[in-house]
Amino acid sequence: MSEPLLQVSNLRTFFTTEEGIVRAVDGLSFTIHKGEKFGVVGESGSGKSVTALSIMRLIEAPAGEIVTGEIHFKGQDLLRLGDEEMRKIRGAQIAMIFQDPMTALNPVYTIGNQLVETIMLHQEVRKSQAVDIGIQALDDVHIPNPKVRMDDYPHQLSGGMRQRVMIAMGLSCNPDLLIADEPTTALDVTTQAQILHLMLELTEERDTAVMLITHDLGVVAGFCDNIQVMYAGRLAERGTTDFIFDNTFHPYTAGLLGSMTRLDEVREERLYSIRGAPPSLINPSNGCRFTPRCDFAQDICGSKTPLPREFGDGHWAACHFAPDLDLSRVKRAERVG
Amino acid sequence: MTQDTQTQDTDNPIQMPPERLLQVENLVKHFPITQGIFFRKQIAAVQAVSGISFHIDRGETFGIVGESGCGKSTTARCVLRLLEPTSGKVLYRAESSDGSSGSHEIIDIASANKAELRRLRREMQIVFQDPYASLNPRMTVASIIAEPLVVHGIGDTADRIERVKELLKVVGLNPEHTNRYPHEFSGGQRQRIGVARALALNPAFMVLDEPVSALDVSIQAQVLNLMGDLQDEFGLTYLFIAHDLSVVRHVCDRVGVMYLGRMAEVADRDTLYERPMHPYTHALMSAVPIPDPTIERNRRRIILEGDIPSPINPPTGCRFNTRCPRAEFPRCSEEIPALKEVEPDHWVACHFPEVKQVV
Ligand SMILES: Nc1ncnc2c1ncn2[C@@H]1O[C@H](COP(=O)(O)OP(=O)(O)OP(=O)(O)O)[C@@H](O)[C@H]1O
Ligand SMILES: Nc1ncnc2c1ncn2[C@@H]1O[C@H](COP(=O)(O)OP(=O)(O)OP(=O)(O)O)[C@@H](O)[C@H]1O
Ligand code: SF4
Ligand SMILES: [Mg+2]
Ligand SMILES: [Mg+2]
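From first to last, the protein sequence lines are chains V and Y.
For what it's worth, numbering that gives the first Met the number 0 labels the leading residue of the first sequence as 0, then goes sequentially.
For what it's worth, numbering that gives the first Met the number 0 labels the leading residue of the second sequence as 0, then goes sequentially.
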């Protein structure tokens with residue numbers, strides 16, 4: 000594999016709330032390589048967005064705080080950079096697109112204004128050059144009549160078009176890493192297919208690494224080289240996409256795969272279902288956080304935290320019994336056809 | 000009863016095959032767009048539903064799929080008469096009003112009077128998409144679930160509490176939790192509360208409008224399993240609305256695909272997924288990701304160009320013609336394709352239907 004681009008080690012990001020301290024990300028380490036398509040999946044509240052915002056240094060103080068960790072990007076620790084240095088990296092070398100493009104676009108400025116501003120902030124170009132780059136960027140994301148569209152306000156565009164503009168903006172400065180936080184969750188499936196296709200095409204062309212955050216295992220299956228499954232602020236499992244789908248070692252990953260309905264299969268009456276709901280991240284109990292919902296849990300699970308262990312080929316799992324569990328009954332439970 | 004006593008059209012006696020519970024005929028719903036402050040003048044209309052027909056047999060689950068804004072919820076609300084249909088019929092086989100078991104009468108919900116509607120409301124219930132917004136945060140679980148019983152004057156307080164506990168058990172919640180508030184439950188649990196409330200009056204027919212769309216997959220499976228169990232136990236008939244074609248394949252017996260206010264294709268589940276014939280169905284299915292990397296890498300996607308047109312000014316002829324890879328002009332932009340039965344119980348609204356395997 001190519002050289003490491005981003006190395007996150009032992010990241011802990013907590014929030015202080017009235018009810019107590021939320022341990023949103025609690026000891027997470029991973030590496031993204033140059034040009035890699037890295038997927039992050041997990042249920043709502045598992046810490047996916049907080050991980051992304053931590054990398055971008057957009058965690059809002061004083062409630063939110065990166066408590067421990069290092070985030071090495073191209074050799075330097077982002078957590079040690081001054082605000083000004085970080086601002087230069089954000090947008091230029093690491094860009095981010097969000098689930099709801101409306102929150103990221105300013106409603107009172109035209110698309111063109113915002114594009115040109117981003118470009119001029121990070122590139123040594125004159126305004127007229129920035130306009131040309133902006134038009135080209137809109138053309139790259141297949142927006143018809145890009146020249147005319149530069150004068151549109153965000154509300155004049157459909158959801159899919161806005162997300163294209165965000166991609167155009169994100170890629171306009173040729174970043175090394177694009178963080179896409181649920182970029183298609185708010186879109187219809189045919190629009191989602193358009194957007195994912197576009198993102199893959201453009202980032203392959205430029206060898207841009209992508210950290211794709213989603214709760215849809217179907218989306219990562221087609222897009223990502225490697226995936227990381229998160230549960231309650233921690234790593235459950237990580238590995239190549241093929242390995243995770245075909246050969247998971249973790250009961251939670253297996254449960255997710257087992258509880259999905261699939262377009263290409265008719266299952267018998269009942270889906271596998273993971274009982275209960277994710278735990279609170281305020282004073283979480285000791286041990287594996289999946290214990291109360293796990294069909295394979297034993298005494299040790301409730302008392303001792305399973306640290307992620309590597310099983311070769313970049314395959315990591317955080318379960319006391321990995322790789323010895325027979326998860327086939329969960330993963331392909333009651334499936335026919 | 001005054002102007003509400005509009006009853007059925009007598010020279011067109013209502014008929015349905017005996018197994019049929021619901022039959023929707025040419026349903027139209029337009030939302031007027033008005034202008035002016037004192038004399039509101041209609042200047043245009045959102046053509047949300049433009050003449051759709053389908054039927055649901057007793058005990059089956061009929062699915063409606065389609066993308067955002069295509070008119071699924073509007074259809075559901077017209078079927079329950081939570082919205083006034085602009086035109087069309089919604090025939091429903093109701094329990095007979097004389098209470099004799101086994102006897103039925105057919106009522107057109109679209110033109111039913113107040114008394115008929117009140118009676119029908121006990122038989123028909125709806126569960127909404129958003130388990131956060133659809134429950135009153137200031138009411139306890141007991142009062143939320145008992146509300147329909149109170150409205151219909153059923154039982155006394157003690158009876159109702161008993162019934163609430165029973166319902167909580169049915170949907171897999173702790174019957175001791177009657178005095179809790181919605182915020183004390185997770186998303187999946189709140190959706191169960193919504194289901195318990197819908198079950199309170201022993202309905203025969205339930206409309207499920209995106210009941211699992213807001214939930215995580217692991218929780219989705221719990222709720223989908225519950226819906227299946229309840230159907231088996233109480234013989235319920237479902238109208239299941241969703242935009243997720245994978246969920247629909249798992250849950251439904253027959254499925255209708257909507258595009259911009261019209262029905263594109265209707266068929267039984269296996270026919271629809273194995274031999275879809277409408278170009279929009281092909282595009283929709285080919286866009287759904289499959290959680291299998293080998294399959295995903297080798298799939299050929301039909302990527303549609305552009306966006307869904309506005310229902311205020313929809314395309315003439317076939318509404319899909321502006322994006323359809325198979326369209327031929329001028330026929331597709333001039334002539335509305337009728338929903339035709341191309342093989343038994345497989346209905347397609349396209350001038351150039353063709354079987355294509357996309358899954
Ligand atoms: N500003 C904040 N203040 C307090 N708690 C927060 C804040 N931001 C996030 N959290 C908490 O941190 C945890 C992780 O949240 P995060 O947004 O990363 O989840 P996620 O995996 O992105 O979920 P989703 O799929 O819903 O987007 C959650 O429990 C959330 O409530
Ligand atoms: N009360 C209303 N007034 C005006 N227009 C409306 C109203 N309700 C719905 N519409 C419009 O009617 C069309 C169909 O809406 P509907 O809610 O039925 O779509 P849907 O298929 O349920 O979409 P979704 O998947 O987003 O729930 C949309 O264009 C919508 O904006
Ligand atoms: S009628 Fe024409 S435009 Fe409509 S779906 Fe068929 S081929 Fe396409
Ligand atoms: Mg998030
Ligand atoms: Mg709807």
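A virtual CB, placed ideally from N, CA and C, is assigned to each residue, including glycine.
What you are looking at is a predicted structure, and each value in this text was computed from that prediction instead of being measured.
- The CB of His242 of chain Y comes closer than 9 Å to the CB of Asp187 and Val188 in chain V, given here in chain order.
- The beta-carbon of Met15 of chain Y is placed no less than 9 Å from the nearest beta-carbon of chain V.
- Listed by position along chain V, the residues whose Cβ is nearer than 9 Å to that of Ala348 of chain Y form an empty set, because the closest Cβ is around 18 Å away.
- Environment of ligand 1, chain-ordered: V:Phe14, V:Thr16, V:Val21, V:Ala23, V:Gly41, V:Ser43, V:Gly44, V:Ser45, V:Gly46, V:Lys47, V:Ser48, V:Val49, V:Ala62, V:Gly63, V:His214 and V:Leu280, taking every residue with Cβ within less than 6 Å of a heavy atom.
- Contact with chain Y is absent for Phe295 of chain V, since none of that chain's Cβ atoms lies less than 9 Å from the residue's Cβ.
- Closer than 9 Å to the CB of Met160 of chain V there is at least one CB belonging to chain Y.
- Interface criterion not met: the Cβ of Glu17 of chain V is under 9 Å from no Cβ in chain Y.
- Within chain Y, the C-beta atoms nearer than 9 Å to that of His196 of chain V come from Arg300 and Ile302, in chain order.
- In chain order, the residues positioned with their C-beta nearer than 5 Å to some heavy atom of ligand 3 are Y:Pro278, Y:Cys317, Y:Phe319, Y:Asn320, Y:Cys323, Y:Arg325, Y:Ala326, Y:Cys331, Y:Pro336, Y:Cys349, Y:His350 and Y:Phe351.
- At a cut-off of 8 Å, the beta-carbon of Gly70 of chain Y counts as near ligand 2: some heavy atom of the ligand is closer than that.
- Around Leu223 of chain Y, the beta-carbon contacts reaching into chain V at under 7 Å are Leu270.
- Look at Val216 of chain Y here: in three-state DSSP terms it is helix.
- In the three-state DSSP reduction, Met226 of chain Y falls in the helix class (H, G or I).
- In the assembly as shown, Ser302 of chain V is an exposed residue. Its beta-carbon has fewer than 16 other beta-carbons within 10 Å.
- Using beta-carbon distances, Ala253 of chain V does not count as an interface residue toward chain Y, since no partner is under 9 Å.
- The beta-carbon of Met257 of chain Y is placed no less than 9 Å from the nearest beta-carbon of chain V.
- For the stretch 248–275 of chain Y, the set of residues with a beta-carbon nearer than 7 Å to any beta-carbon of chain V comprises Arg248 and His249, in chain order.
- Distance from the C-beta of Ser157 of chain V to the nearest heavy atom of ligand 2 is not below 8 Å.
- In the structure shown, Arg162 of chain Y falls within a helical segment according to DSSP collapsed to helix, strand and coil.
- The stretch 248–308 of chain Y contains, as complete beta strand (DSSP E) runs of 3+ residues, the segments 253–258 and 261–267 (chain order).
- The beta carbon of Glu42 of chain V falls within 9 Å of a beta carbon belonging to chain Y, placing the residue at that interface.
- Interface annotation, Ser258 of chain V: in contact with chain Y, CB-CB separation under 9 Å.
- In the displayed model, His121 of chain V falls within a helix according to three-state DSSP.
- In the three-state reduction of the DSSP assignment, Met259 of chain V falls in the coil class, being assigned neither a helical nor a strand state.
- Using a CB distance cut-off of 9 Å, Phe244 of chain V counts as an interface residue toward chain Y.
- In the structure shown, Gln41 of chain Y adopts extended strand secondary structure according to DSSP, grouped into three states.
- Scanning the stretch 141–217 of chain Y for uninterrupted alpha helix (DSSP H) segments of 4 residues or longer gives 156–169 and 186–198, listed from N- to C-terminal end.
- Under the three-state reduction of DSSP, Arg308 of chain V is assigned to strand.
- Looking only at Y:Lys168, Y:Asn297 and Y:Phe351, the smallest Cα-Cα distance to Met276 of chain Y is reached by Y:Phe351.
- Here the stretch 51–62 of chain Y makes no contact with the stretch 313–323 of chain V; the two share fewer than three CB pairs at distances below 8 Å.
- Shortest Cα-Cα distance from Leu186 of chain V to any of V:Met101, V:Phe248 and V:Thr240 involves V:Met101.
- For Arg299 of chain Y and Leu199 of chain V, the gap between their C-alpha atoms comes out near 15 Å.
- The alpha carbon of Arg159 of chain Y has as its nearest neighbour, out of Y:Asn173, Y:Ala141, Y:Phe239 and Y:Val169, the alpha carbon of Y:Ala141.
- Burial state of Ser72 of chain Y is buried, judged by a 10 Å Cβ sphere holding 16 or more other Cβ atoms.
- Bridge pairing for His103 of chain Y: Y:Glu94 [DSSP].
- Following the DSSP letters along the chain, one finds Glu203 of chain V inside the alpha helix (DSSP H) bounded by residues Val188 to Arg205.
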